[in-house]
Amino acid sequence: MKKLYRNATLIDAKAPQDLLVEEGKFTAIAPHIEADAAETIDLGGRLVVPPYVDPHLHLDYVYTARGEGATNGTGTLFEGIQRWSETKAGASSEEIKRRARQAVREEVRAGVQYIRTHADVTDPSLTALKALLELREELKDIVTIQIVSFPQEGMYAYPHGAELVEEGLRLGADCVGGIPHYELAREFGEKSVHKAVELAVKYDKLIDLHCDETDDDQSRFVELLTALAYMEGIGERTTASHTCSLGSVNNAYAFRMMANFRRAGLNFISCPTENIYLEGRQDSYPKRRGLTRVKELLAAGVNVCFAQDSIEDPWYPLGNGNMMNILDHGIHICQMMSFAEIDHALDLITTNGARTLHIEDTYGLAPGKDASFLVLDAPSPFEAIRQRAGVLRSVRRGEELFTRVPAQTRSKYDLLA
Ligand code: 17E
Ligand code: FE2
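In the working numbering, the protein residues as written are 21 to 437.
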């Protein structure tokens, strides 16, 4: 079945383009394509981008914020972990899947087609991990899910935490997780980083650590993670999530580190809405923003992407999977609003996320890649960002996941209609 999508605006293309889709793949992208017997859809000059990637989400935590005892009064990361620890026991696989499905629905309807989720494995029964492994298979036609074997309560601060992480990998998780800044002493944090790299090499998995999610400028586990990943030659398969403390360290240290991140090819994920909310809580004024150095990392040639992180969990009361909302917050908080930065801001929720997830062999708008893309309700990248444009169409491997009619306004005033 051939399909021809006509008249698409692509970022950086001078003229409108046509996209030819056959057998779920792009077979041609050019200004004017003649194709016989192809179903033709006119996109009216609207912006076409690759699908949104949410590279960091906790699907096992979604919609738990209002549970008995789950409310986080201080709004800090550490109270979030404590509240979760006290209330997480007992959720059934069915309940976890029901909540996670609802969150996937929100994300996919907002244009996401790729999610990397953490699954808390500090639970001897590994119920959440097993539930998410089942969901990864159940939902694979509408979303690609990667799962991180993530020890929320520590590899060493929690009994047999490191063994549980390893068991998660054996059961089929895609990535090794960790949380060095939460271990009980710096030495144990370092030990957990060594362990994560060792497990990634042993099982041939990706790495994604919650790393330095704190305003403490002495929390510097990303330094060791980068060095070990570089020495193993797996920097591009390695991700540091959060790295909030980089927003608090001195410049001499930060610039030395950024050169090392670049050399190793490390990926960074920033969660703008969560970390502007969770960090800076022990500051009076001036009050820190709590985000990593997104603008400066990008300038140093380091890959950075944005993520949702939470949907109504003990860490963050809101969240709805709408990556355009995340992006809007991120470019404001990180002051990335030159016109050139705005024109390429969508990279932070598309291609940069795809690079982090290591899915670039099939991802992107180019012949030979999966015919997966979004049509946004905007004529240009600038207007998409300025208007926080919605998604009018989401296509996955040549199949329409959904189409949407833009809202219509009626008014007796011509100017308002
Ligand atoms: N767990 C964690 O350690 N940090 C977070 N931001 C969330 C969960 C949401
Ligand atoms: Fe997280």
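Ideal placement from N, C-alpha and C gives every residue a C-beta, glycine not left out.
**Request:** Mind checking which residues open and close the alpha helix (DSSP H) that includes leucine 394?
**Result:** Here residue 394 refers to the residue found at position 374 of the sequence shown. Element bounds for leucine 394: not the alpha helix (DSSP H) but the beta strand (DSSP E), 393-396.
**Item:** Span of the alpha helix (DSSP H) around leucine 153
**Value:** As a working mapping, residue 153 is identified with position 133 in the sequence shown. 147-158 is the extent of the alpha helix (DSSP H) around leucine 153.
**Request:** Give a yes or no on whether the C-beta atoms belonging to tyrosine 336 and leucine 311 are separated by under 9 angstroms.
**Result:** Within the sequence shown, the letter at position 316 stands for residue 336. Within the sequence shown, the letter at position 291 stands for residue 311. Their beta carbons are not under 9 angstroms apart, which means tyrosine 336 does not touch leucine 311 by this criterion.
**Message:** Does the distance between the C-beta of glycine 100 and the nearest non-hydrogen atom of the ligand 17E fall short of 8 angstroms?
**Reply:** For the purposes of this step, residue 100 is identified with residue 80 of the sequence shown, where counting begins at 1. Yes, the ligand 17E has a heavy atom inside 8 angstroms of this Cβ.
**Item:** Reference alanine 391; option with closest CA among Leu189, Lys108, Ala398, Thr382
**Value:** Taking the sequence shown and counting its residues from 1, the one referred to as residue 391 is at position 371. The candidate whose alpha carbon is nearest that of alanine 391 is Thr382.
**Asked** Is glutamine 172 near the ligand 17E, with its Cβ less than 8 angstroms from a heavy atom?
**Response** Residue mapping note: residue 172 aligns to position 152 of the sequence shown, counting from 1. Yes, the beta carbon of glutamine 172 sits closer than 8 angstroms to at least one heavy atom of the ligand 17E.
**Prompt:** Going by the C-beta, is isoleucine 346 closer than 8 angstroms to any heavy atom of the ligand 17E?
**Reply:** The residue given as residue 346 occupies position 326 in the sequence shown. It does not: the Cβ of isoleucine 346 is nowhere closer than 8 angstroms to a heavy atom of the ligand 17E.
**Asked** Smallest Cα separation from threonine 370: which of Val132, Arg121, Ala111?
**Response** As a working note, residue 370 is residue 350 in the sequence shown. It is Val132 whose Cα lies nearest to the Cα of threonine 370.
**Message:** Starting from isoleucine 296, trace the alpha helix (DSSP H) in both directions and tell me its first and last residue.
**Reply:** Taking the first residue of the sequence shown as position 1, residue 296 is located at position 276. It spans 292-298 - the alpha helix (DSSP H) in which isoleucine 296 sits, taken as one unbroken run.
**Message:** Pull the bridge partners of serine 169 from the DSSP assignment, please.
**Reply:** As a first step, residue 169 is located in the sequence shown; it is residue number 149 there, counting from the start. Serine 169 is bridged to Ala139, Val196.
**Request:** Go to threonine 258, then tell me how far its beta strand (DSSP E) extends in each direction, as first and last residue.
**Result:** Working through the sequence shown from its first residue, we reach residue 258 at position 238. 258-262 is the span of the beta strand (DSSP E), which, as asked, contains threonine 258.
**Item:** Residue from Leu318, Pro144, Cys195 whose Cα sits closest to the Cα of phenylalanine 275
**Value:** By 1-based counting over the sequence shown, the position of residue 275 is 255. Closest option to phenylalanine 275, Cα to Cα, is Leu318.
**Asked** In terms of alpha-carbon separation, which member of Pro179, Arg121, Arg424 lies closest to leucine 153?
**Response** Position 133 of the sequence shown, counted from the start, is the residue given in the question as residue 153. The candidate whose alpha carbon is nearest that of leucine 153 is Arg121.
**Request:** Give every residue of the same chain whose Cβ lies closer than 7 angstroms to the Cβ of valine 141, excluding the five residues on either side of it in the sequence, and list them in chain order.
**Result:** Position 121 of the sequence shown, counting from 1, holds the residue named residue 141. Excluding sequence neighbours, valine 141 sits near Leu149, Ser169, Phe170, Pro171, Leu184, Val185, Gly188.
**Item:** Cβ distance (whole Å) where valine 163 is taken to contact glutamate 332 below 8 angstroms
**Value:** Position 143 of the sequence shown, counted from the first residue, corresponds to residue 163. Position 312 of the sequence shown, counted from the first residue, corresponds to residue 332. That pair is no contact at about 19 angstroms.
**Message:** On a Cα-Cα basis, can you pick out the residue from Thr47, Arg26, Gln37, Glu256 that is closest to alanine 374?
**Reply:** As a working note, residue 374 is residue 354 in the sequence shown. Of Thr47, Arg26, Gln37, Glu256, the residue nearest in Cα terms is Glu256.
**Item:** Other residues of its chain near leucine 24: CB distance less than 8 angstroms, five sequence neighbours each side excluded
**Value:** Position 4 of the sequence shown holds residue 24. So the qualifying residues of the chain are Asp38, Leu39, Leu40, Val41, Ile53, Ala55, Ala58, Glu59, Thr60, Ile61.
**Sufficient close CB pairs (3 or more, under 8 angstroms) joining the stretch 387-402 to the stretch 65-82** = yes
**Message:** Rounding to the nearest angstrom, what Cα-Cα distance links aspartate 232 and alanine 272 in this structure?
**Reply:** Translated into the one-based positions of the sequence shown, residue 232 becomes position 212. Translated into the one-based positions of the sequence shown, residue 272 becomes position 252. Rounded to whole angstroms, aspartate 232 to alanine 272 spans 18 angstroms at the Cα level.
**Asked** Taking the continuous beta strand (DSSP E) assigned at alanine 48, which residues delimit it?
**Response** For this step, residue 48 is matched to residue 28 along the sequence shown. Run containing alanine 48: 45-50, per the beta strand (DSSP E) assignment.
**Asked** Does the separation of the CB atoms of proline 144 and leucine 377 fall below 9 angstroms?
**Response** Looking up residue 144 in the sequence shown gives position 124. Looking up residue 377 in the sequence shown gives position 357. Cβ atoms of proline 144 and leucine 377: not closer than 9 angstroms.
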